[in-house]
Structure formats: structure tokens, C-alpha cells
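Numbering-wise (the numbering used here), the sequence shown opens with residue 36 and increments by one.
What follows is a set of notes on a single structure, which appears directly below.
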Amino acid sequence: MSYIDFDIENNSIFISRGDSRNRNKIKKTDCTDDFTFYEYNGKIRGNFI
36 MSYIDFDIEN NSIFISRGDS RNRNKIKKTD CTDDFTFYEY NGKIRGNFI
């Protein structure tokens, strides 16, 4: 299962695989100019900016 989440404040789109009910459990871990990195259960996801 995949889902797309829009972040209006940062003008970005978050694309993820998995259960969308876990979206609020994903934590921001790092930022670069191109990506914001998130982690959930030890797996990294990227938020394209």
C-alpha cells in the first residue's frame, strides 16, 4: 500500500509505502537542501522538497 501526503508549509510532497495510519509515527531525523529524512521502525524515508 502506498500513499501521498502534501506538506503545504514546506511546499513538498511526501510519498511513502506502508499503512497511512502510521503517518503520525514517522519522525523527522535530518534535512539537506534536497531531502528531509524521516524514520519509522528503523526504515528511512525521504520527503522530496
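The C-beta atom is built at its ideal place from N, Cα and C for all residues, glycine as well.
Following the DSSP letters along the chain, one finds Thr-64 inside the beta strand (DSSP E) bounded by residues 62-66. Residue nearest to Lys-62 within the set Phe-49, Tyr-73, Ile-39 is Tyr-73 (criterion: CA-CA distance).
According to the DSSP assignment, Glu-74 belongs to the beta strand (DSSP E) that extends over 70-75.
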